[in-house]
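Chemist:
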Amino acid sequence: MDIEKEINEIVGFKNLELLAKQVVEGFISGLHKSPFHGFSAEFAEHKIYNNGESTKHIDWKLFAKTDKLYTKRYEEETNLRCHLIVDNSSSMHYPKLKQFNINSLNKIAFSVLASAAIMNLMKRQRDAVGLSIYSDEYEFYASEKGSERHHQMLLQKLNEALLSPKEKAQTKTYEHLHLIAEKLKRRSLVFLFTDMFQNGTEEEKLFEALQHLKYNKHEVILFHTFDKKREVNFDFSNRPKRFVDVETGEYVNLYAENIKEQYEEAVQNYFKELELRCAQYRIKYVLADTNESFNKILTTYLVERQKFG
1 MDIEKEINEI
11 VGFKNLELLA
21 KQVVEGFISG
31 LHKSPFHGFS
41 AEFAEHKIYN
51 NGESTKHIDW
61 KLFAKTDKLY
71 TKRYEEETNL
81 RCHLIVDNSS
91 SMHYPKLKQF
101 NINSLNKIAF
111 SVLASAAIMN
121 LMKRQRDAVG
131 LSIYSDEYEF
141 YASEKGSERH
151 HQMLLQKLNE
161 ALLSPKEKAQ
171 TKTYEHLHLI
181 AEKLKRRSLV
191 FLFTDMFQNG
201 TEEEKLFEAL
211 QHLKYNKHEV
221 ILFHTFDKKR
231 EVNFDFSNRP
241 KRFVDVETGE
251 YVNLYAENIK
261 EQYEEAVQNY
271 FKELELRCAQ
281 YRIKYVLADT
291 NESFNKILTT
301 YLVERQKFG
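Number 155 in full-length UniProt numbering belongs to position 155 of the sequence shown; there are no gaps in the numbering.
1. Spatial neighbours of V23 within its chain, please: CB distance less than 6 Å, with the 5 preceding and 5 following residues excluded, ordered by chain position.
2. In this structure, how does DSSP classify residue 316 when only helix, strand and coil are distinguished?
3. Exposed or buried, what is A20 when buried is set at 16 or more other beta-carbons lying within 10 Å of its beta-carbon?
4. Kindly indicate the opening and closing residues of the beta strand (DSSP E) around R186.
5. For M92, tell me which candidate among L16, F308, I133 and K307 has the shortest Cα-Cα distance.
6. If we ignore side chains and look at the alpha-carbon of each, how far apart do L210 and V220 end up?
7. Since F223 contacts A288 with CB under 8 Å, what's their CB separation in whole angstroms?
8. From which residue to which residue does the beta strand (DSSP E) around residue 366 run?
9. State buried or exposed for R242, treating a residue as buried only when at least 16 other CB atoms are found within 10 Å of its CB.
10. Should D67 go down as buried or exposed, given a rule of 16 or more other Cβ atoms within 10 Å for buried?
11. Per DSSP, what are the beta-bridge partners of S132 in this structure?
12. Do S147 and R81 have their C-beta atoms closer together than 7 Å?
13. Per DSSP, which residues does residue 360 bridge with? Please list them.
14. Rounded to whole angstroms, how far is the Cβ of L84 from the Cβ of S115, which I believe are closer than 8 Å?
15. In whole angstroms, what separates the C-alpha of N101 from that of S111?
16. Can the beta-carbon of H176 be found closer than 7 Å to that of H212?
17. For Y174, which residues of its own chain have a beta-carbon under 6 Å away from its beta-carbon, when the five flanking residues on both sides are left out?
18. To which residues of the same chain is T300 closer than 6 Å at the C-beta, ignoring the five residues directly before and after it?
19. Since I48 sits in a beta bridge, which residues does DSSP pair it with?
20. Considering Cα atoms alone, identify which of N291, L158 and E203 is closest to V86.
21. By the DSSP assignment, the alpha helix (DSSP H) with E126 in it spans what residues?
22. Would F63 be called buried (16 or more neighbouring beta carbons within 10 Å of its own) or exposed?
23. What residue from L18, N15, I180 and G26 has the CA that sits closest to L298's CA?
24. Measuring CA to CA, which of R124, L113, P165 and F13 is closest to Q99?
25. With a 10 Å radius around its C-beta and 16 neighbouring C-beta atoms as the bar for buried, classify G130 as buried or exposed.
26. Once you ignore the five residues that flank Y141 on each side, which residues in its own chain have a CB closer than 7 Å to its CB?
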């Protein structure tokens, strides 16, 4: 099956579950050729039967074909809890798109598909997943569960986040992180997708909120979601343009070329500062460029899952 071709034929997120599954299958097939090939064994649906184990889950049909005893992996118990947090503020819907596909993603679409792909990996391993979505309000919360019904409900909520972007919805990420820290009762892997758009005062409060999660023994991974072409390289034609703050409506008219150098330097400094602050608080900081594949996201999940004990 040509996974890449099939993915490209899917228009929008009409079937988020199928798209996430195909992203994951492409990723897993690539693991065989990568330094992480050892992880690929985790996704086999069967494992070799060891003497002394219960025979309840032996796959006798496979035994008839191979003359070897295997047990079904998917019968194993849940052994990890993960909570996905998605920033759904106005800036995450930049740039505005009418439809989504694997080659056309804005920040919220990238976050939604990445979250769905992580959920697919967790489903394969019988792990429990929860979800929070916030903008200028706490839009949705679901605690960690592993059932199929729960999985489908989370996929629906993720898809809904794409469909109704709020105009000028500013957010105070730190307020919602404090609420989530209070709600998460059991130690979890916490993945946060956000573009980190806030002012200096809020940045300080954000790291205090992340510390709240760390204090409660959760492992926190920050996926700094951005569009490198537009937001870092400032790749715009040199015609006069109006740049509008989608969260406040404020705007400035200018030639992109006139400030490109200073802008790029300021952004690079900001990214370095975020990385240093995260290292200081022992938070995993991952650059998530919407123009790249999901391999970095899924590899990070695998590595953090292995370390999470």
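Where a beta carbon is used, it is the ideal one built from N, C-alpha and C, also for glycine.
Modeler: The relevant details are as follows:
1. So the qualifying residues of the chain are A117 and F294.
2. There is simply no residue 316 to check, as the chain begins at 1 and stops at 309 in what is shown.
3. buried
4. No beta strand (DSSP E) contains R186, which DSSP labels as neither H nor E.
5. I133
6. 8 Å
7. Correct: roughly 4 Å between the Cβ atoms.
8. This structure cannot settle anything about residue 366, because the visible part of the chain is limited to 1 through 309.
9. Only weak support is given to the placement of R242: the predicted model assigns it a pLDDT of 48, under 50, and the question is left unresolved by the model.
10. Exposed.
11. I85 and Y141
12. no
13. This structure gives no information on residue 360, because the portion of the chain shown stretches from 1 to 309.
14. 5 Å
15. A straight-line Cα-Cα distance of about 13 Å links N101 and S111.
16. If you check the CB distance, H176 and H212 do not come in under 7 Å.
17. K205, L206 and A209
18. V286
19. The secondary-structure analysis by DSSP pairs I48 across a beta bridge with Y70.
20. L158
21. Looking at the sequence shown, residue 126 is not Glu but Arg. It is not in any alpha helix (DSSP H) - R126 carries neither H nor E in the DSSP assignment.
22. exposed
23. Closest option to L298, Cα to Cα, is G26.
24. F13
25. buried
26. S132 and K183
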